[in-house]
Amino acid sequence: MNVRTFNCLLFRSLRPCYTHAPALLRSPCRGHRQSTSQPPKHAKQTERSEFSPAASSKYDWIGPPDRLSNLRPIIYHIPENETPLERKLRHLRQETEDWNHEFWTNQNFTFSKEKEEYMRLQLAAKGLSERDDDGRKRNLSSEEMAVFYKHFLDKNITRHASYNREWYRRNFTITLLMARVALQNTWRTLTGREKGKTT
Amino acid sequence: MYKTPCSRLTGVWKCLPHGLVGVNVQQKLIANASRSHMSARSLIQLCRKNQAEWFTFQHLCFLKRQYVKSSGGLCQRARPKQEPVASALDDRDDSVVRQVQKIPALKPEPGIVEPPCDSKNIQVEPEATKAARLEARQWKELRVEYNDLPGIYARLSKIKLTALVVTTAAAGYAMAPVPFDLVTFLMASVGTGLSSCTANSINQYFEVPFDSNMNRTKNRPLVRGQISPLHAVSFALACGIPGVTLLTLGVNPLTGFLGALNIFLYTCCYTPLKRLSITNTWVGAVVGAIPPVMGWTAATGSLDLGALLLGGFLFSWQFPHFNALSWNLREDYSRGGYRMMSVTHPGLCKRVALRHSVGLIGLSALGPVLDVTTWTFPLVSLPINLYISFLAFRFYRHGDRQNARKLFFCSLWHLPMLLLLALTCKKSRVSQDEAAVAPSTPSLPL
């Protein structure tokens with residue numbers, strides 16, 4: 001294990017990065033993502049598990065759902081002779097993953113926070129404390145919560161709509177790129193085989 | 001130096017309360033070096049929760065890296081089979097984490113987090129669910145397991161829903177007043193099934209991040225990464241193109257057109273609309289109504305009033321079914337950004353469910369009018385129609401979870417019963433057809 005990789009790891013272990021590049025794969029350390037990894041509005045640090053796939057693995061790896069965004073992180077394999085198209089695809093996928101993660105972390109966090117706030121206000125309006133005599137948290141009825149759910153949806157409709165559009169666009173682009181990469185790889189394999197036959 | 005981090009890690013591990021980590025589990029962990037990094041990861045997640053121990057987390061993280069790197073063979077390897085020890089440990093972590101989280105920090109939706117796995121619950125939980133849940137916690141290679149492909153495709157195409165759709169199409173075919181032709185019937189059924197697979201696959205392809213965040217849908221194949229998005233789209237095309245072609249060439253162009261229209265409505269109208277407007281429910285009801293119409297047109301080749309009646313049954317049935325289902329999922333829908341009547345217009349939701357349940361009675365009465373069924377059909381179907389209307393009324397009045405659940409479960413058996421009764425009361429042209437379709441029907445009381 002060379003010193004540079006070790007230092008890279010040490011650096012990464014000391015600051016919480018929320019996606020993880022495998023130590024043993026050649027990688028530009030995904031510099032373009034570090035800037036987005038610390039959104040200031042997040043009170044909690046995003047957790048991504050520290051995981052290294054085996055060096056011999058030729059596949060991407062997918063992890064358990066993230067605790068905040070519920071999306072599964074992916075560690076992308078970088079092949080030996082990665083074409084520009086493949087690199088473009090990988091970067092797009094990584095960027096989309098980060099963007100999604102940020103949106104959903106924010107969404108879930110905001111939802112929880114506003115829900116707690118709403119419950120606190122409702123209970124206070126009724127003159128009740130947050131916990132009952134047994135120490136358990138009080139719950140509101142479904143009908144009372146329904147008011148909050150409706151309010152949350154209405155408040156966020158524009159944000160959701162723009163997320164939708166963006167997500168569909170990215171999804172299509174990624175799939176098209178994947179198709180192009182697959183075709184390119186098939187072509188390379190076929191032409192590679194033909195060359196092998198003729199020589 | 002490299003020995004100490006290991007023992008330090010396991011030493012820290014030993015400090016966890018015994019009740020949470022079984023003694024056997026502990027011993028196995030300590031004994032098995034290749035698993036200790038997993039436990040370290042879980043431990044790190046635990047420590048991460050408590051900001052005060054920030055330094056300890058960093059320290060552990062650093063030590064863990066040193067340990068993993070120094071021991072040459074300690075990289076993560078793919079484990080194709082479930083390791084119950086490590087996974088049980090992860091579940092124990094959940095309970096530890098949850099205890100730590102008792103401080104009123106602002107956390108993600110608890111609905112997402114798995115229930116704590118203590119010994120009492122293990123036996124109660126069905127094995128398949130438990131296996132899926134534990135498997136979901138591992139890092140896995142994103143590679144297609146060819147053995148799993150049939151199961152993956154089944155889940156991708158929502159095979160049970162597809163089967164229901166094919167059943168309604170078959171019922172539509174059987175209700176048509178023409179002699180029964182087995183070949184056409186089979187081609188129509190297979191074509192409808194393939195179209196349904198396509199529509200469901202594309203729907204899942206579009207909805208990956210939303211599905212990840214809802215309890216009901218988080219174990220879908222694309223969410224879990226069992227296949228890639230490109231693979232899902234290819235599967236959808238591989239089903240859709242033969243399906244629609246089969247319907248167009250093997251049955252008739254009208255049925256093919258309806259099949260293609262249904263795919264379009266479901267994937268390009270219903271799926272995006274779910275997040276934009278409550279009209280998605282009406283569009284979804286149309287999507288559900290088209291298969292029996294397709295069955296009828298497959299038989300007769302034309303869009304008769306009888307076809308529309310059958311479509312009307314499905315259309316009206318959708319509302320008590322879906323509105324009741326969505327009533328108890330309001331929180332998930334709200335957080336996921338789905339605009340459903342149950343969240344944004346609860347009063348309308350209940351009214352519409354009641355309206356359409358009562359409407360089913362009226363539609364049944366149209367059966368003899370349109371020469372689709374005999375006049376016994378409205379009489380025989382009255383008990384079940386009245387029952388579902390009664391439940392819809394209770395749902396309308398009280399609007400609570402219990403009544404919603406009752407209405408939903410009633411709708412699940414109501415539709416097959418209704419279709420079966422319609423088949424038995426079909427205006428008879430060829431009596432062998434009825435005998436073939438409904439052999440065990442008792443004679444109807446008059």
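If you're matching them up, the sequences are chains A and B in order.
According to UniProt numbering, the first sequence is numbered sequentially starting from 1.
According to UniProt numbering, the second sequence is numbered sequentially starting from 1.
Glycine included, C-beta positions come from ideal geometry on N, C-alpha and C.
Owing to the predicted nature of the structure, the values given are computational and were not obtained by experimental measurement.
The residue among A:LEU153, A:LYS113 and A:ARG138 with its C-alpha nearest the C-alpha of ALA124 (chain A) is A:ARG138.
If you draw a straight line from the Cα of GLY172 (chain B) to the Cα of VAL233 (chain B), it is about 29 Å long.
In the DSSP secondary-structure assignment, GLU141 (chain B) is bridged to A:TRP61. Residues of the same chain with a CB within less than 8 Å of the CB of PHE111 (chain A), apart from the 5 flanking positions on each side, are PHE152 in chain order.
Minimum Cα-Cα distance from VAL190 (chain B) among the listed residues B:TYR266, B:THR255, B:VAL208 and B:SER357 corresponds to B:THR255. Straight-line spacing of the CA atoms in LEU156 (chain B) and LEU261 (chain B) works out to 20 Å.
Look at LYS218 (chain B) here: in three-state DSSP terms it is coil, with no helix or strand label.
Counted as a single uninterrupted DSSP element, the alpha helix (DSSP H) harbouring TRP413 (chain B) occupies residues 401–424. With 16 or more other CB atoms across the displayed protein chains lying within 10 angstroms of its CB, GLY243 (chain B) is buried.
Sequence-ordered contacts of the segment 340–357 of chain B with chain A read VAL343, THR344 and PRO346 [C-beta pairs closer than 7 Å]. Distances from the CA of PHE172 (chain A) to each of B:LYS160, B:VAL208 and B:ASN147 were compared; the closest alpha carbon is that of B:VAL208. According to the DSSP secondary-structure assignment, ILE75 (chain A) is paired through a beta bridge with A:TRP61.
Secondary structure note for CYS349 (chain B): its alpha helix (DSSP H) is the uninterrupted segment 346–369. Interface with chain A (9 Å Cβ-Cβ cutoff): ASP304 (chain B) is excluded. Residues of chain A with a Cβ closer than 8 Å to the Cβ of GLN402 (chain B) do not exist, since the nearest Cβ in that chain sits about 11 Å away. Along the segment 223–246 of chain B, going in chain order, the ones with a CB nearer than 8 Å to a CB of chain A are VAL223, ARG224, GLY225, SER228, PRO229, LEU230 and VAL233.
Burial of VAL380 (chain B) is indicated by the presence of at least 16 other C-beta atoms within 10 angstroms of its C-beta. A straight-line Cα-Cα distance of about 47 Å links THR158 (chain A) and LEU421 (chain B). If you draw a 10 Å sphere on the C-beta of GLU141 (chain B), you find 16 or more other C-beta atoms in it, and that means buried. The continuous alpha helix (DSSP H) containing GLN107 (chain A) extends over residues 84–126. Residues of the segment 262–280 of chain B that bring their beta carbon within less than 8 Å of a beta carbon in chain A comprise PRO272, ARG275 and LEU276, in sequence order. The beta carbons of ARG143 (chain B) and TYR149 (chain A) sit no closer together than 9 Å. Distance between PRO179 (chain B) and LEU305 (chain B), taken at the CA atoms: about 18 Å. Chain order gives the chain A residues near ARG137 (chain B) as PRO64, where near means a beta carbon separation below 7 Å.
Counting the other CB atoms within 10 Å of its CB gives ALA170 (chain B) a total of 16 or more, which places it among the buried residues.
Here the C-alpha atom of SER129 (chain A) lies approximately 39 Å from the C-alpha atom of ASP98 (chain A). When the alpha-carbon of PRO383 (chain B) is set against those of B:SER212, B:LEU418 and B:GLU127, the nearest one is in B:LEU418. Bounds of the alpha helix (DSSP H) holding GLU331 (chain B) are 330–336.
The beta carbon of GLN107 (chain A) falls within 9 Å of a beta carbon belonging to chain B, placing the residue at that interface.
Proximity of ASP154 (chain A) to chain B, defined by a Cβ-Cβ separation below 9 Å, is satisfied. Beta bridge pairing from DSSP links LYS137 (chain A) with A:ARG131.
Here GLN402 (chain B) is exposed: its Cβ has fewer than 16 other Cβ atoms, across all protein chains shown, within 10 Å. Taken through DSSP and simplified to helix, strand or coil, THR373 (chain B) comes out as strand.
With at least 16 other beta carbons inside 10 angstroms of its own, GLY311 (chain B) counts as buried. In the three-state scheme derived from DSSP, where H, G and I count as helix and E and B as strand, ASP211 (chain B) is classed as helix.
Where GLU143 (chain A) is concerned, the enclosing alpha helix (DSSP H) starts and stops at 142–155.
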